[in-house]
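Residue numbers (the numbering used here), protein chains in the order written: chain A, 725 to 934; chain B, 725 to 934. C-beta atoms are modelled at their ideal positions from N, C-alpha and C, and glycine is treated no differently. If you're wondering where the values come from, they're calculated on a predicted model, not measured in any experiment. Take a look at the structure below.
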DNA sequence: AGCTATATCACGCTTATAGGGGGAAATCAC
DNA sequence: GTGATTTCCCCCTATAAGCGTGATATAGCT
């Protein structure tokens, strides 16, 4: 396959050894071609537009602008380019920030080379490759607590409160009296040991009751 | 490998052909053993406890109790059992409901048999297997809109509003005057063409501005 | 250097809302 | 048939929400 038909890849990674190692390994694949690599986001941003890649492998911990903050800047410059995080960090916070900012996939660095080129291919095909540990974090974030002290109705009302609805709007939407909603909210506050909407929402989200 | 050391699998699926097909194919794998299969959730719930599986393959569209509603009931009965959705439906709503209710993975039925037994193994190892299309839906749900009309500060304030905070609490937390927050909120409402917290939150979430 | 967007703060006004007190009746599920 | 849940009632006070109509300072961009 000629280089022009391969997936054009750029690497942004500050460690020279890793950068060159990945470049070598990815170029060894028949379907990928590393067209550029940078050690800082600042450097990449000034030079990326001249030679736009299909996929960017992006580290998180970088000197200057972090990989997380780089995502929207790169997306702004090259809207069609897919960004694949490639990092050792797998905290829930970093994963969510990266995905919110627009990353298309998230790999941790222990992934073997075959997985990396497979992931590059998958992201090009519109997929969303993740390492197993990342998938677990993401799925777990959806799981609700099954030991909520709140009843079905109370949970329903608290969900609507967390959508910013007033008590009277909730009453209308649930076809019950305002007094009923007030009563439920009193019980919710009592069960959660809080005295405000804000604290009730925070409590419930922290404990995954909603 | 003796059957006792294999991963014990139960299938809940109303289509007899599919049920028997999967049973045959999974039993052909050296690491998995189908110990029971049911055509309804009702049937499964009365008989599952006697012979608890490690993993349950669960369809969504079933007569009577749906696969979605079955998840919390099964989890309640067998807290340690992993539930793997195996269905043709891949709408965002169903995927989120299944995961919220406690499913550990989600496969669409075009997955080939090798992938199914791999997924069973992965879920047993604490992973979260997903088909490529499901991973895409999940990741996409995290992506924020990069074309928000709101400024950074406005977005920040709207996020806090969506956490249920009052204007005065937001002012305190951001170390600015209440009047400033009021002013920002006025601008937010104007930009989003809304006239209440509720509508602002809904607009912003629908458009992924927050 | 100048312009625009952004962020900050001010004052007045009205109505609705939030939170808490202390009840009670009907209905559902186990 | 008993306890949990859901529904509704009346009282009260403080404040929060939303809107109108402003001003000023600063930061970023070209």
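Could you have a look at residue 734(B) and say whether DSSP puts it in helix, strand or coil?
Three-state result, residue 734(B): strand.
Taking three-plus beta-carbon pairs below 8 Å as touching, is the region 842 to 849 of chain A in contact with the region 860 to 875 of chain A?
Here the region 842 to 849 of chain A does not lie against the region 860 to 875 of chain A, with fewer than 3 beta-carbon pairs under 8 Å apart.
Cutoff 8 Å: residue 828(B) Cβ touching any chain A Cβ
Chain A contact via Cβ: present.
Quick check on residue 870(B) - is its C-beta less than 8 Å from some C-beta in chain A?
Contact of residue 870(B) with chain A is assigned, a C-beta pair being separated by under 8 Å.
Where does residue 804(A) land, buried or exposed, given buried means 16+ other C-beta within 10 angstroms?
By the 10 Å Cβ count, residue 804(A) comes out exposed.
What does residue 873(B) reach in chain A if we use C-beta pairs closer than 9 Å?
Within chain A, no residue comes near residue 873(B); the closest Cβ sits about 16 Å away, beyond 9 Å.
What three-state label does DSSP hand residue 908(A) in the structure shown?
Reduced to three states, the DSSP call for residue 908(A) is helix.
Contacts of residue 760(B) in chain A (Cβ-Cβ under 8 Å)
Listed along chain A, no residue sits closer than 8 Å to residue 760(B) by beta-carbon distance, the nearest being about 23 Å off.
When 905(A), 898(A) and 899(A) are compared against residue 891(A), the one with the closest alpha-carbon:
For residue 891(A), the nearest C-alpha among the options comes from 905(A).
So what's residue 690(B) in DSSP terms, helix, strand or just coil?
A query on residue 690(B) cannot be resolved here, the shown segment of chain B reaching from 725 to 934 and no further.
Any idea what DSSP makes of residue 808(A), helix, strand or coil?
In the structure shown, residue 808(A) sits in a strand (DSSP, three-state: E or B).
Out of curiosity, what's the CA-to-CA distance linking residue 853(A) and residue 768(A)?
Taking the straight line joining both Cα atoms gives about 23 Å.
Can you tell me which of the three DSSP states residue 745(A) falls into?
Assigned with DSSP and collapsed to three states, residue 745(A) falls in helix.
Can you tell me whether residue 910(A) sits near the ligand COA, meaning its C-beta is under 7 Å from at least one heavy atom of the ligand?
What this structure holds is no ligand at all, so the ligand COA is not there to describe.
Spatial neighbours of residue 842(A) within its chain, please: CB distance less than 7 Å, with the 5 preceding and 5 following residues excluded, ordered by chain position.
Nothing meets the Cβ criterion.
Out of 919(A), 881(A) and 762(A), which has the shortest C-alpha to C-alpha gap to residue 901(A)?
Of the candidates 919(A), 881(A) and 762(A), 881(A) places its Cα closest to the Cα of residue 901(A).
Quick one: residues in its chain with C-beta nearer than 7 Å to the C-beta of residue 909(B), no 5 flanking neighbours on either side, listed in chain order?
Excluding positions up to five away in sequence, the list reads 881 and 891.
Quick one: Cα of residue 920(B) to Cα of residue 732(A), how far?
Take the alpha-carbon of residue 920(B) and the one of residue 732(A): they are about 47 Å apart.
Would you tell me roughly how many angstroms separate the C-alpha atoms of residue 819(B) and residue 855(B), rounded to the nearest one?
If you draw a straight line from the Cα of residue 819(B) to the Cα of residue 855(B), it comes to about 11 Å.
Report all residues from its chain with a CB closer than 6 Å to the CB of residue 737(A); omit the five preceding and five following residues, and keep chain order.
Cβ neighbours of residue 737(A) beyond the five flanking positions: 743 and 783.
Mind checking whether residue 829(A) and residue 808(A) have CB atoms under 8 Å apart?
A contact, by the Cβ cut-off of 8 Å.
Just how far apart, CA to CA, sit residue 887(B) and residue 812(B)?
Approximately 35 Å between the Cα atoms of the pair.
Chain-ordered neighbours of residue 921(A) on chain B, where CB pairs are closer than 7 Å
What residue 921(A) touches in chain B: 888.
If you check the beta carbons only, do residue 786(A) and residue 758(A) fall under 8 Å apart?
Going by C-beta atoms, residue 786(A) is not nearer than 8 Å to residue 758(A).
Suppose you measure from the CA of residue 754(A) to the CA of residue 730(A); what does that come to, to the nearest Å?
Residue 754(A) and residue 730(A): Cα-Cα distance of roughly 8 Å.
Distance CB(residue 825(B))-CB(residue 858(B)) smaller than 8 Å:
Their beta carbons are not under 8 Å apart, which means residue 825(B) does not touch residue 858(B) by this criterion.
So residue 757(B) is in the beta strand (DSSP E); what residue range does that whole segment cover?
DSSP places residue 757(B) in the uninterrupted beta strand (DSSP E) bounded by 756 to 762.
Give the interface partners of residue 817(B) over in chain A, defined as CB-CB distance under 9 Å, in chain order.
By Cβ distance, chain A contributes nothing, its closest Cβ being about 13 Å from residue 817(B), past 9 Å.
Outcome for residue 741(B) when other beta-carbon atoms lying within 10 angstroms are tallied against a minimum of 16
Residue 741(B) comes out exposed.
What's the C-alpha gap between residue 923(A) and residue 917(A)?
Approximately 9 Å between the Cα atoms of the pair.
The region 827 to 847 of chain A: positions lying closer than 9 Å to chain B by Cβ:
Under the 9 Å Cβ criterion, the region 827 to 847 of chain A contributes 827, 828, 829, 830 and 846.
Is the distance from the Cβ of residue 735(B) to the Cβ of residue 761(B) below 8 Å?
The criterion of a C-beta distance shorter than 8 Å is satisfied by residue 735(B) and residue 761(B).
So that I know if they touch, is there some Cβ in chain A lying closer than 8 Å to that of residue 742(B)?
Contacts with chain A at 8 Å (Cβ-Cβ) do not include residue 742(B).
Where DSSP assigns a beta bridge to residue 830(B), which residues make up the other side?
809(B) and 854(B).
Count the other CB atoms, across all protein chains shown, that sit within 10 Å of the CB of residue 748(B); report buried if there are 16 or more and exposed otherwise.
So residue 748(B) counts as exposed.
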